[in-house]
Amino acid sequence: MEESNQRLEQRNARLDSLLAYQNELIQKLRADFRSSFSEIDERLTTSENKLDDMSYFLSQSIKKLQTTPRPNPEAVDTTKKISNSSSLQIDARQLYETAQLDLTKGKYDLAINGFSEFLKNFPGSDLADNAQYWLAQSYYAKEDFGSAIPQFKKLIELYPQSDRIPDGLYKLGLCYQALKNNLQANKYFKEVIDRYPNSTEAKLAKEKLGIKKR
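Residue numbers (my numbering): 552 to 765.
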């Protein structure tokens, strides 16, 4: 009888030890979960803040462009004209770079809005052809090929001397190919080969057409 009680006490002791270990493990798991959840929440908050900051910067840049008064040539001296011109150049550069940053981050709709505003306000800028290309590229990146096509065509029509033309022609071929219009796709692949035979895009177009190297 005494031996039986001793065994029972030993068994209870092991059971108590096991329960204590389980409780400790549960507490640790809960602590780890709370820590991981807190870290995820912090990252989400940081990302949201960055997005809000970028959206605010873009909206402020656009607002500034829209509200900047145009100087009267008869009332403003040469110094003020130069100052205003420099200010507009800075605003144009900021708007362009913000849109480009949005594109690299995959924020395609923001990039589209930014490049569209840039082209609307600075059509004569040295960056206009690049902005038109990146606008088309933003639509292409979000796989809106139907919207990308007219933007690439506008690049070719408005900026025929741009160094973006070979890629624009090749991307038109890719857009039509994605839309299952192989006739139009091959047309643009052939055009980039004919007009820019030594370009990287011509090499890629030949691969699309199955043209082997001679």
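We treat Cβ as the ideally placed atom computed from N, Cα and C, and that holds for glycine.
### Query
To the nearest angstrom, how far is it from the Cα of K693 to the Cα of K658?
9 Å
### Message
So for F673, helix, strand or coil by DSSP?
### Response
coil
### Message
Let's test the definition: count the other Cβ atoms within 10 Å of the Cβ of N681 and tell me whether it reaches 16, buried, or not, exposed.
### Response
buried
### Task
Could you tell me the distance, in whole angstroms, from the CA atom of G697 to the CA atom of Y721?
15 Å
#### Entry: Cβ separation of A687 and L706, assumed to be a contact under 8 Å, to the nearest whole Å
6 Å
### Message
Just to check my reading of the structure: F791 and A650 have Cβ atoms closer than 8 Å, yes? What is that Cβ distance to the nearest angstrom?
### Response
Residue 791 is absent from the structure shown; the chain starts at 552 and stops at 765.
### Query
Quick one: what does DSSP say N732 is sitting in, helix, strand or coil?
coil
### Query
Cα-Cα, which of A753, L709, Y747 and K759 is closest to Q728?
K759
### Query
For A699, which of helix, strand or coil comes out of DSSP?
helix
### Message
For A662, which residues in the same chain have their Cβ closer than 6 Å to its Cβ, ignoring the five residues on either side in sequence?
### Response
A650, D653, L654 and S689
### Query
Between K671 and L734, what straight-line distance do the alpha-carbon atoms span, to the nearest angstrom?
33 Å
### Secondary structure of G657, DSSP reduced to three states
coil
#### Entry: Cut-off 6 Å between Cβ atoms - residues of its own chain near L723, not counting five sequence neighbours on either side
F703 and Y739
### Coarse secondary structure for R715, derived from DSSP in three states
coil
### Task
Pull up the CB-CB distance for Y747 and P717, whole angstroms please, since I reckon it's below 8 Å.
4 Å
### Task
Please go through the same chain and pick out, in chain order, the residues whose beta-carbon is closer than 6 Å to the beta-carbon of E752, but skip the five residues on each side of it.
P717, D718, Y721 and V743
### Query
For the candidate residues L730, P711, K757 and D745, whose alpha-carbon lies nearest to that of A679?
P711
### Straight-line gap, D786 to Y691 (C-alpha atoms, nearest Å)
The structure shown does not extend to residue 786, since the chain is modelled only from 552 to 765, so the question has no answer here.
### Task
Since I believe A756 is in contact with C726 (beta carbons under 8 Å), could you give me their beta-carbon distance rounded to a whole number of angstroms?
Contact flag wrong, Cβ pair sits at about 13 Å.
### E648 versus Q578: straight-line alpha-carbon distance, rounded
49 Å
### Query
Helix, strand or coil: how does DSSP classify P620 here?
Because the pLDDT of P620 is 45, which lies under 50, any placement of that residue in the model is unreliable, and the question is left without a value.
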